[in-house]
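Q:
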């Protein structure tokens with residue numbers, strides 16, 4: 425099992441900002457999963473991979489795909505206190521779910 | 425309320441690797457908090473801040489302080505599949521907790 429977190433590289437976020445957005449997305453999608461899935465993923469060491477998107481539209485297309493596959497997922501919109509405009513979609517997490525199911529959505533993407 | 429995630433800059437992790445370690449730490453400390461605290465923090469938008477440490481000993485000293493203050497916390501040790509040696513302590517999350525309580529542990533640190 426794994427969780428893929430897709431973050432927008434085009435926003436030019438600093439490393440700490442990026443990490444905070446990825447952590448938001450990760451936790452939100454985790455909470456979108458059922459208890460059995462959460463527990464199984466944690467038992468395996470909560471594998472996470474951080475991938476790269478280059479636009480808001482790409483992020484939303486991937487989110488739609490995750491939704492249609494009925495996978496736990498969440499899009500983060502930034503509150504805009506610091507580096508980004510308020511409401512900017514910055515990251516999407518897909519899973520935890522089986523590797524193959526996550527790859528069906530994010531398998532074409534590069535590592536961030 | 426907030427959660428502070430302290431990551432080691434001296435390890436020279438890439439941005440994606442850093443983000444994954446921060447997300448691990450965040451989720452583990454979240455699970456170390458009680459249900460009321462988790463719920464309150466999420467209700468406020470799950471504020472997270474990513475801070476900088478420069479050694480393993482610094483990370484462990486902060487973890488001890490969090491423990492003595494009875495704050496939810498977690499240290500991440502890397503599985504060592506990619507950039508780091510197995511067992512390397514890479515990040516510490518403190519909170520969610522009240523801002524002042526988190527600042528008592530991590531208030532002297534710089535943003536990552």
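Protein chains in written order, with the numbering used here: chain A, 425 to 536; chain B, 425 to 536.
C-beta atoms are modelled at their ideal positions from N, C-alpha and C, and glycine is treated no differently.
Predicted model, so just to flag it, every value in this text is computed and none were measured.
What whole-angstrom Cβ distance do residue 432 of chain A and residue 477 of chain A have, given they're in contact under 8 Å?
A: Stepping through the first chain from its first residue, residue 432 of chain A is reached at position 8. Stepping through the first chain from its first residue, residue 477 of chain A is reached at position 53. Right, the Cβ-Cβ distance comes to about 5 Å (below 8 Å), so this counts as a contact.
Q: With a floor of 3 residues, list each beta strand (DSSP E) that falls wholly inside the region 452-487 of chain A, ordered by position along the chain.
A: Qualifying beta strand (DSSP E) stretches, in chain order: 472-477.
Q: Going by CA-CA distance only, name the one from B/445, B/487 and B/511 that's closest to residue 529 of chain B.
A: Here residue 529 of chain B refers to the residue found at position 105 when the second chain is read from its first residue. Of B/445, B/487 and B/511, the residue nearest in Cα terms is B/487.
Q: Identify, in the order they occur along the chain, each residue of the same chain with its Cβ nearer than 8 Å to the Cβ of residue 491 of chain B, setting aside the five sequence neighbours on each side.
A: Here residue 491 of chain B refers to the residue found at position 67 when the second chain is read from its first residue. The residues are 497.
Q: What's the C-alpha gap between residue 501 of chain A and residue 427 of chain B?
A: Within the first chain, the letter at position 77 stands for residue 501 of chain A. Within the second chain, the letter at position 3 stands for residue 427 of chain B. Going by the C-alpha atoms only, they are around 18 Å apart.
Q: Within 10 Å of its beta-carbon, does residue 444 of chain B have 16 or more other beta-carbons around it, so buried, or fewer, so exposed?
A: On the second chain, position 20 is the one that residue 444 of chain B refers to. It counts as buried.
Q: Ends of the alpha helix (DSSP H) at residue 501 of chain A?
A: As a first step, residue 501 of chain A must be located in the first chain, where it is residue number 77. First-last for residue 501 of chain A: 497-501, but that is the beta strand (DSSP E), not the alpha helix (DSSP H).
Q: In three-state DSSP terms, what is residue 507 of chain B?
A: Stepping through the second chain from its first residue, residue 507 of chain B is reached at position 83. Coil.
Q: Which residues in chain A have a C-beta closer than 9 Å to the C-beta of residue 473 of chain B? List them in chain order.
A: Indexing the second chain from 1 puts residue 473 of chain B at position 49. Ordered by position in chain A, the residues that pass the 9 Å Cβ test against residue 473 of chain B are 440 and 444.
Q: Of all the CB atoms in chain B, is at least one closer than 9 Å to the CB of residue 507 of chain A?
A: In the first chain, residue 507 of chain A corresponds to position 83, counting from 1. False, the Cβ-Cβ gap to chain B never drops below 9 Å.
Q: So, using beta-carbon positions, are residue 410 of chain B and residue 472 of chain A closer together than 9 Å?
A: Residue 410 of chain B cannot be examined here, being either before or after the span of chain B that is shown, 425 to 536.
Q: For residue 538 of chain A, does the three-state DSSP call read helix, strand or coil?
A: Given that chain A is displayed from residue 425 to residue 536, the structure contains no residue 538 of chain A and the question cannot be resolved.
Q: Take residue 520 of chain B as the anchor and find which of B/434, B/437, B/458 and B/435 has the nearest alpha-carbon.
A: Position 96 of the second chain holds residue 520 of chain B. If we check each option's Cα against that of residue 520 of chain B, B/458 comes out closest.
Q: Please list, in chain order, all residues of the same chain as residue 536 of chain B whose beta carbon is under 7 Å from its beta carbon, the five residues on each side excluded.
A: Position 112 of the second chain, counting from 1, holds the residue named residue 536 of chain B. These residues qualify, in order along the chain: 431, 433, 474, 475 and 476.
Q: Output the distance between the C-alpha atoms of residue 514 of chain A and residue 438 of chain B, rounded to the nearest integer angstrom.
A: Taking the first chain and counting its residues from 1, the one referred to as residue 514 of chain A is at position 90. Taking the second chain and counting its residues from 1, the one referred to as residue 438 of chain B is at position 14. Distance between the alpha carbons of residue 514 of chain A and residue 438 of chain B: 18 Å.
Q: Since residue 452 of chain A contacts residue 517 of chain A with CB under 8 Å, what's their CB separation in whole angstroms?
A: Along the first chain, read from residue 1 onward, the residue named residue 452 of chain A stands at position 28. Along the first chain, read from residue 1 onward, the residue named residue 517 of chain A stands at position 93. At roughly 7 Å, the Cβ-Cβ gap stays under 8 Å, so residue 452 of chain A and residue 517 of chain A are in contact.
Q: Hey, out of A/494, A/469, A/484 and A/483, whose CA is closest to residue 456 of chain A's CA?
A: Here the question's residue 456 of chain A lines up with position 32 in the first chain. Of A/494, A/469, A/484 and A/483, the residue nearest in Cα terms is A/494.
Q: Using only alpha-carbon positions, find the residue among A/508, A/526 and A/454 that is nearest to residue 480 of chain A.
A: To locate residue 480 of chain A, count along the first chain from 1; it is residue 56. Of the listed residues, the one whose Cα sits closest to residue 480 of chain A is A/508.
Q: What separation, rounded to the nearest whole angstrom, lies between the Cα atoms of residue 489 of chain A and residue 499 of chain A?
A: For this step, residue 489 of chain A is matched to residue 65 along the first chain. For this step, residue 499 of chain A is matched to residue 75 along the first chain. Answer to the nearest angstrom: the Cα atoms are 13 Å apart.
Q: For a test of the three-state rule: what should DSSP assign to residue 533 of chain B, helix, strand or coil?
A: Locating residue 533 of chain B in the second chain gives position 109, where the first residue counts as 1. Looking at residue 533 of chain B - three-state DSSP - the assignment turns out to be coil, as it is neither helix nor strand.
Q: Using the beta-carbon of each residue, which ones in chain A are nearer than 8 Å to residue 463 of chain B?
A: Within the second chain, numbered from 1, the residue matching residue 463 of chain B stands at position 39. Near residue 463 of chain B there are no residues of chain A at all, since even the closest Cβ is about 11 Å away, more than 8 Å.
Q: How far does the beta strand (DSSP E) with residue 494 of chain A in it extend, from its first residue to its last?
A: Position 70 of the first chain, counted from the start, is the residue given in the question as residue 494 of chain A. Careful: residue 494 of chain A lies outside any beta strand (DSSP E) and carries neither H nor E.
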